[in-house]
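So the structure is just underneath, and the comments pick up after that.
2 protein chains.
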Amino acid sequence: MHADLLLDSARYVVVCDDDAAVIPDASVAIADGRIVAVGPAAEVNAQVTAARVIDARGHLVMPGLVNLHTHLPMTLLRGVAEDVDLQGFLELVWAEEARVMDPEGVELGARLGAVEALLGGTTTTLDMYFHHAAAHRGAVSAGLRHVIGPVFFSFPGPDGLSWDERMAGARAWPEDLAKIGGPSVPVAYMPHAPFTVEVDDLAQIAALARESGGIITTHTSENDSENADTIASRGMRPVACLEASDVLALQPVLAHGVRLDEGDRTAVAAAGASVAHCPGSNLKLASGAADIVGYRADGIRVGLGTDGCSSSNDLDMFAVMRLAANLARLVHHDPAAIASSDIVRMATLEGARALGMEGAIGSVEVGKEADLIVIDTAVPHLTPLHDPHTAVVFAAGRSDVRHVLVAGELVVEDRRPVRVDVPALLAAADARVGA
Amino acid sequence: MHADLLLDSARYVVVCDDDAAVIPDASVAIADGRIVAVGPAAEVNAQVTAARVIDARGHLVMPGLVNLHTHLPMTLLRGVAEDVDLQGFLELVWAEEARVMDPEGVELGARLGAVEALLGGTTTTLDMYFHHAAAHRGAVSAGLRHVIGPVFFSFPGPDGLSWDERMAGARAWPEDLAKIGGPSVPVAYMPHAPFTVEVDDLAQIAALARESGGIITTHTSENDSENADTIASRGMRPVACLEASDVLALQPVLAHGVRLDEGDRTAVAAAGASVAHCPGSNLKLASGAADIVGYRADGIRVGLGTDGCSSSNDLDMFAVMRLAANLARLVHHDPAAIASSDIVRMATLEGARALGMEGAIGSVEVGKEADLIVIDTAVPHLTPLHDPHTAVVFAAGRSDVRHVLVAGELVVEDRRPVRVDVPALLAAADARVGA
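Chains A and B, in that order, give the protein sequences. Last residue of the first sequence? That's 545 in the numbering used here, and every number before it is there in order. Last residue of the second sequence? That's 545 in the numbering used here, and every number before it is there in order.
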C-alpha cells in the first residue's frame with residue numbers, strides 16, 4: 111500500500127476511541143490526508159511503501175487536541191486585564207478591543223493564536239469572534255482546522271452591525287467559508303449568549319442552522335450573574351431560552367456551563383447538547399467549578415476548552431486537561447473521580463463529537479483525516495512512563511509536542527510552524543498592540 | 111568592576127523583592143557566584159568587564175524557583191498509582207518503594223528529579239526522603255541547591271531503621287552534608303508527620319535542631335483523615351503536637367497545611383512557621399484546597415511546592431504557580447483574590463524565607479548568590495507581554511526556561527543540563543524500574 115507519510119514505530123499510539131486503546135510499538139500510515147493504516151509497527155511497516163518516514167521511536171502519537179471553546183484573536187489582549195474584578199476586566203477588555211480589533215487586528219490575532227494552538231498540540235478549535243471571516247483567514251493560514259461563524263448580538267456589538275446585517279452575513283457564510291478554504295469544517299453560527307440574544311432572534315439562528323446543516327455554539331450559564339441577568343431580562347434560565355428557540359434541539363456546544371441546575375442538566379442531556387468545559391478561565395474569573403463528573407453521569411457530552419487569552423491566558427490544552435482532572439477530584443472529594451483516559455478522550459474524540467465531526471477527526475483510526483500529534487517522551491518529566499493516558503494528563507506539556515499534522519499536512523515540524531515566519535508574526539503582534 | 115558573567119540587556123528583570131520591582135532593559139552581573147550588579151543595562155554594562163556575556167535580549171531574568179516541598183527520588187514512582195483512592199495509592203506506592211528504593215535507587219531518582227527541576231527553572235528544593243545522604247548526592251550532582259536531612263518515624267519506616275539509628279544518623283548529618291558538598295544549604299531535620307512521630311520524639315528532634323541551628327520540615331494537616339488519626343493517637347491536633355514538642359517555635363516548614371483550623375492558624379502565625387502549599391498534589395489526592403489567601407491574611411508565610419511525582423506527577427513549579435493563583439480565586443469567589451506578583455514571590459523570596467535563606471537567595475539583589483533563571487519571552491504564548499508577573503504565572507511554562515544558574519554556575523545552558531548526560535540518565539531510570 112502506498113502512503114505519503116509513515117509515523118514509524120511510535121512508543122505508543124494512544125487511539126482515543128471509546129475503549130481507551132493504546133498500541134505499543136506502533137506505526138501510522140497516511141495517504142491523501144487520511145489515516146490508511148494503524149497498528150503494530152511490524153504489521154503496518156510490512157504492508158506500506160511510504161514516500162516519507164518520520165522516526166517516531168521514543169514518541170507517543172495521539173489525535174490532535176480539540177479546543178472546544180476559544181476566542182483566538184484575543185491573543186492580542188493577553189494580559190491586559192489582570193487581578194481585577196469582572197467589571198474591571200470587561201472595561202479593560204472592551205477598551206482594548208475597540209483599539210486594536212479591526213478586521214486586520216482580528217486576522218493577525220487569530221493567526222498568532224493558531225500558531226500557539228498548533229505548537230501546543232491543538233489541531234481543531236471552535237473559535238468565536240466578530241469579524242469571523244478575518245479570523246478564519248488568519249487561523250487557516252497557519253494550517254489550523256478552524257471552526258467559526260458569524261457571532262450574533264440583539265444589539266450592535268463591538269463590530270457595530272445591525273441585526274439585518276448579521277443575518278445577511280450569516281446567510282453568506284457557507285459560501286464565504288468555502289472561498290476562504292482551509293481544512294474541512296462545518297458551518298457554524300454563534301449567538302453570543304441567551305442574555306445578549308433575544309429568544310426570537312435565537313429562533314432565527316436555529317432556523318438558519320437547520321436550513322444549512324450548520325452547528326451552533328453559545329455561552330451558557332458561565333456564572334451566577336449571567337443566570338440572574340438572563341432570568342431578569344428573558345424571564346427564564348439560559349438553557350430554557352435555548353430550548354424555547356429550538357437551539358437546544360440542534361445539539362449546540364454550550365460554552366462553560368458552570369452553573370447548570372438539575373433541570374438544565376436534564377434538558378441538555380436529553381437534547382444531546384455538549385458542554386465545553388473551560389476550567390482555566392472559570393477559575394481565573396472566579397466563575398466556579400463545573401461539575402463535569404456529574405454532567406457526564408447525567409449523560410451530557412463534555413469537551414474541553416481554553417477560552418480566550420484575556421481570561422486564560424494561553425491556549426494550552428495540556429494545562430486544561432490537568433486542571434480538569436484535578437478540579438473534578440476536588441469537587442467530588444475523590445482521587446478516583448475521573449480516569450485520565452476519560453480526560454484525554456474529552457480533549458479529542460468527545461470534542462470531535464460535540465462538533466459533529468467524529469467521522470472525520472478525534473481518534474487514530476483508519477479512514478479519519480490525519481490530525482495527529484507526535485509527543486517526545488524521552489524527557490525527564492515523562493520518565494519513567496508507566497501509563498500513557500496518565501502521562502499525557504498529569505506530566506506532559508505543550509512543549510513536548512514535536513510534530514503536528516492537520517489533514518495529513520505537517521504544519522509543525524520539530525517544534526517549528528511550517529507555514530509561518532514566527533519572529534515576523536510576533537513582531538507584528540507587538541507592533542499592533544504597541545507593546 | 112570584574113564579572114565572571116553578564117546577563118546582558120534582559121527585556122525584564124523580575125526582582126521578586128517585597129515591592130514586586132520590575133526593571134525593564136536590565137543587566138545582571140555575577141562574580142564569585144554572587145550578584146554584583148543589577149539595574150538598567152546601560153548603567154550596569156558601563157561599569158562591568160565580564161569574562162562571559164549571555165545575550166538576554168527578549169528574555170526575562172528572575173530568581174530561580176524554590177520548591178518548598180517535594181520528594182525528588184519519587185520520580186521513579188511517577189505514574190505507578192493512578193485513578194485510585196488513597197488506600198490503593200499507598201499500597202501501590204509502598205510496594206514500588208520496597209522494590210526500587212535502595213540507596214542506589216534513591217540517588218538515581220533524586221538525580222533525575224534534580225535534572226527535571228532545574229530544566230523547569232527550580233534552583234532550590236526542600237526535599238524529604240529516606241536514604242537522605244544518597245538523595246543529596248544524586249541531587250547535587252546535577253547542580254541543584256538541595257535541602258534535605260534525616261527523616262524520622264517513631265517506628266521502623268521504609269528504611270527499617272530503629273529510633274537510635276535515626277538519631278545517630280541525624281547527629282552525623284551536619285558533617286555528612288559538609289562532606290557531600292553542593293551549593294550551600296542549611297542542615298535540616300524531617301520528622302515525617304505528627305501522626306507518625308510521637309510528641310516525645312518530636313521533642314528530641316527539636317532539641318537537636320536547636321543545638322545545630324538546623325531547620326525542620328514535617329507533613330502537617332494534609333487532609334481530614336490525617337487530622338483525625340493524629341487526634342486519635344496523640345489526643346491533639348497536628349499543630350498542637352508541634353507546639354507541645356517545641357518544633358513549632360523553630361519556625362518549621364509545614365508541608366501541605368490544607369486542614370488548619372482557626373486555632374492552628376493563630377499558633378502557626380504567632381510562631382512564624384511557614385506553609386508549603388502543594389495545590390497540584392492536594393487536588394490530585396482530593397485532600398482539599400488550602401486557603402492560602404486566608405493564611406496570608408493571618409500572617410502565615412506561604413511558599414509553594416510540587417510534592418513528589420507519585421502524586422503530582424511532575425516537578426513543574428510553573429504549573430503550581432498557575433494552579434495556586436486559580437485555586438485562590440475559586441476558594442474566595444474573587445478574580446482578584448491574589449496578585450500574580452504575590453504568587454511569584456511565594457515561589458521565590460517567600461520560599462527562601464521559609465528556609466531561613468532570604469539573605470542568600472530568593473531575589474535578584476546585589477550580594478545574593480546567583481540563583482537565576484533566564485526565560486525566553488519571544489514565543490507565541492507570551493506575546494504580547496503586558497505584565498511580567500502575570501506572564502510568569504498565567505502563560506509561561508517550564509519549557510520557556512532557557513538558562514539556569516545556581517550559585518553563579520550555569521547548570522542549564524540553552525535548555526540542556528550541563529553536568530548530566532540526559533539520555534544515559536533516562537535509560538538508567540527506565541532500567542531501574544523495568545519500564
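We put the CB at the ideal spot given by N, CA and C, even for glycine. Predicted model only: the values in this text are computed from it and were never measured.
Secondary structure at glutamate 217 of chain B: helix, using DSSP grouped into helix, strand and coil. If you look at arginine 432 of chain A, you'll find it in the alpha helix (DSSP H) that goes 427-442. Excluding residues up to 5 positions away in sequence, Asn337, Thr340, Ile341 and Asp374 lie with their Cβ nearer than 7 Å to the Cβ of arginine 347 of chain A in the same chain.
Histidine 491 of chain B has a beta carbon lying within less than 8 Å of a beta carbon in chain A. Within a 10 Å sphere around the beta-carbon of leucine 312 of chain A sit 16 or more other beta-carbons, which makes this residue buried.
Of all residues in the segment 159-188 of chain B, the ones placed with a Cβ closer than 7 Å to any Cβ belonging to chain A are Leu186 and Arg188, in chain order.
Look at asparagine 337 of chain A: its C-beta is not under 8 Å from any C-beta on chain B. Note: glycine 413 of chain A is bridge-paired with A/Ala386 in the DSSP secondary-structure output. Judged by their CB atoms, arginine 188 of chain A and serine 420 of chain A are nearer to each other than the 8 Å cut-off.
Not flagged as an interface residue toward chain A: aspartate 212 of chain B, since no C-beta distance is shorter than 8 Å. For glycine 404 of chain A, no chain B residue has a C-beta closer than 8 Å to its own C-beta; the minimum C-beta separation is roughly 15 Å. For tyrosine 122 of chain A, DSSP records a beta bridge to A/Pro134 and A/Leu170. Taken in chain order, the whole beta strand (DSSP E) runs of length 3 or more contained in the segment 140-203 of chain A are 144-150, 159-165, 169-173 and 175-180. Around arginine 281 of chain B, the same chain offers Leu318 as residues with beta carbons nearer than 8 Å, after the five sequence neighbours per side are excluded. In terms of beta-carbon proximity, arginine 455 of chain B stays away from the interface with chain A, with every pair separated by 8 Å or more. For leucine 271 of chain B, there is no enclosing beta strand (DSSP E), as DSSP marks it with neither H nor E. Glutamate 226 of chain A sits away from proline 494 of chain B, with the two beta carbons spaced by 8 Å or more. Look at the segment 374-395 of chain B: the residues with a C-beta under 9 Å from a C-beta of chain A are Pro389, Gly390, Asn392, Leu393, Lys394 and Leu395. One thing to note: alanine 136 of chain B has its Cβ no nearer than 8 Å to the Cβ of alanine 160 of chain B. Contact of glutamate 460 of chain A with chain B by beta-carbon distance below 7 Å is absent, the smallest such distance being about 18 Å. Straight through space, the alpha carbons of methionine 456 of chain B and isoleucine 402 of chain B are spaced by roughly 11 Å. Residue-level contact check: phenylalanine 263 of chain A does not touch chain B, since none of the beta carbons of chain B fall below 8 Å from its beta carbon.
For glutamate 207 of chain A, the nearest beta carbon of chain B is not closer than 8 Å to its own beta carbon.
Exclusion of the five residues before and after valine 190 of chain A leaves Leu202, Val203, Glu206 and Ser420 as the residues of its chain whose Cβ lies within less than 7 Å of its Cβ. Histidine 169 of chain A sits close to arginine 512 of chain A, with the two beta carbons spaced by under 8 Å.
Distances from the CA of histidine 179 of chain B to each of B/Gly253, B/Ala447, B/Thr416 and B/Ala438 were compared; the closest alpha carbon is that of B/Thr416. If you ignore the 5 residues before and after tyrosine 405 of chain B, its C-beta comes within less than 7 Å of the C-beta of Arg375, Val385 and Val412, all in its own chain and listed in chain order. Straight-line spacing of the CA atoms in valine 349 of chain B and glycine 461 of chain B works out to 20 Å.
Glycine 291 of chain B and valine 250 of chain B have their C-alpha atoms spaced approximately 8 Å apart. Going by C-alpha positions, phenylalanine 263 of chain A is about 40 Å away from glutamate 523 of chain A. Glutamate 460 of chain B: member of the alpha helix (DSSP H) spanning 459-464, first to last residue.
Here the alpha carbon of valine 176 of chain B sits roughly 55 Å from the alpha carbon of tryptophan 273 of chain A. In this structure, the straight-line span from the alpha carbon of serine 450 of chain A to that of glycine 324 of chain A is close to 32 Å.
By alpha-carbon distance to alanine 380 of chain A, the top candidate from A/Ser294, A/Gly409, A/Phe428 and A/Met184 is A/Gly409.
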